[in-house]
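Numbering of the sequence shown is given in my numbering, commencing with residue 1 and proceeding in unit increments.
By construction, the Cβ of each residue, glycine as well, lies at the ideal position given by its N, Cα and C atoms.
Working notes, beginning with the structure itself.
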Amino acid sequence: MTNINLNDKKKPDKRMTLTDAIKTHVPDGSMICFSGMGGAQCVAQTYEIIRQGIKNLTFVGDSPCESGDMLIGAGAIKKAELAWCSYAVAGLGYNYRRAIEEKVPHEIELVEYSNYTIGLRFLAGAINVPYIPTKSLLGSDLLKYNEKIKVTEDPYNGEKVALIPAVNPDVAIVHVSRADKRGNAQMFGFSSNAENLARASKRTIITCEEIVSTEEIKRHPNLTIIPEYAVDAVVEVPFASHPWNFPYAYAYDMPFHTEQLAAFKTREGFEKWLEEYCFAPGSWEGYLEKVGYGRLEKLRQLERRFAKANY
1 MTNINLNDKK
11 KPDKRMTLTD
21 AIKTHVPDGS
31 MICFSGMGGA
41 QCVAQTYEII
51 RQGIKNLTFV
61 GDSPCESGDM
71 LIGAGAIKKA
81 ELAWCSYAVA
91 GLGYNYRRAI
101 EEKVPHEIEL
111 VEYSNYTIGL
121 RFLAGAINVP
131 YIPTKSLLGS
141 DLLKYNEKIK
151 VTEDPYNGEK
161 VALIPAVNPD
171 VAIVHVSRAD
181 KRGNAQMFGF
191 SSNAENLARA
201 SKRTIITCEE
211 IVSTEEIKRH
221 PNLTIIPEYA
231 VDAVVEVPFA
241 SHPWNFPYAY
251 AYDMPFHTEQ
261 LAAFKTREGF
271 EKWLEEYCFA
281 PGSWEGYLEK
291 VGYGRLEKLR
301 QLERRFAKAN
311 Y
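So this is what it looks like as structure tokens:
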């Protein structure tokens, strides 16, 4: 990645539109990662990357549901370093499977890790060490297929350990509950490994359900998972995870996701879906209008019925 301006992290006001944030911080050829696992996915952000026609990305992640599969289907990814790629309860990652088995829309280079060891890579990158040792892959056939994982002896007891290399992506895109204009990001509920993604990456785009004042952030400092000094851009994107759920904000839209995955079973169905829900609406706001604000409000009410954040 080129033209990195570290002064972006020092700006007192980092607010941008989603279009500008992606255009500024995600050039062709970037190594990119996304937050989210089993919910809180970066769907709006993925659609924007596809709309802008960004290509030749290296994608790294443990469970890249929406982002990984759709970007592969859109032809944006040249290399994937991951553990698995599916839509959890909704179904398989059909675009990912077509790319590996049929080289459609084109062949991608695949480097496999386990979920746990992908997490270790981000941790190593976040704390600025070249690798982290683990015993979890000893006996796994991943050692035969991933030459980056080295096995050595523990200098203290002579036992074998696997060394997992650090990763430092060019860009992390992290979706959180709320943030202030400086980039102090707070999360209600499960944050997965979002903190390490931001600290390991050269640039971080924070998207949030709501931008709030710095005074409000200061009222609950324990909720801040990513500090402003690790952030380059802040974007308010309500319902950015739809059809996935987002903790304390809206519930999972399973009927919508089922319809989506049924379309993704074929290449033609995927391309038609992209045209209808990504390109034709022209923006995430257009997507939300197409989905329907009445439907979205029902999802909000359903989530808050059972999980109300009262801070």
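The distance from the Cβ of P169 to that of I32 is about 6 Å, consistent with a contact at the 8 Å cut-off. H106 counts as exposed, since fewer than 16 other beta carbons sit within 10 angstroms of its beta carbon. Less than 8 Å separates the beta-carbon of A200 from that of V167. Straight-line measurement puts the Cα of I77 at about 10 Å from the Cα of V60. Taking the C-beta atoms as reference points, F246 is found no nearer than 8 Å to G38. Secondary structure at G61: strand, using DSSP grouped into helix, strand and coil.
Distance from G36 to S241 at the Cβ level is roughly 7 Å; contact confirmed, criterion being Cβ atoms closer than 8 Å.
Here the C-alpha atom of I22 lies approximately 13 Å from the C-alpha atom of S283. Proximity of the stretch 61-75 to the stretch 91-104 meets the contact definition, three or more beta-carbon pairs being nearer than 8 Å.
Between I217 and M187, the C-beta spacing is not below 8 Å. In the three-state scheme derived from DSSP, where H, G and I count as helix and E and B as strand, L82 is classed as strand. Under a 10 Å Cβ-count criterion, T266 is classified as exposed, with fewer than 16 other Cβ atoms of the shown protein chains found around its own Cβ. Assignment of T24 by DSSP, reduced to helix, strand and coil, places it in the helix class.
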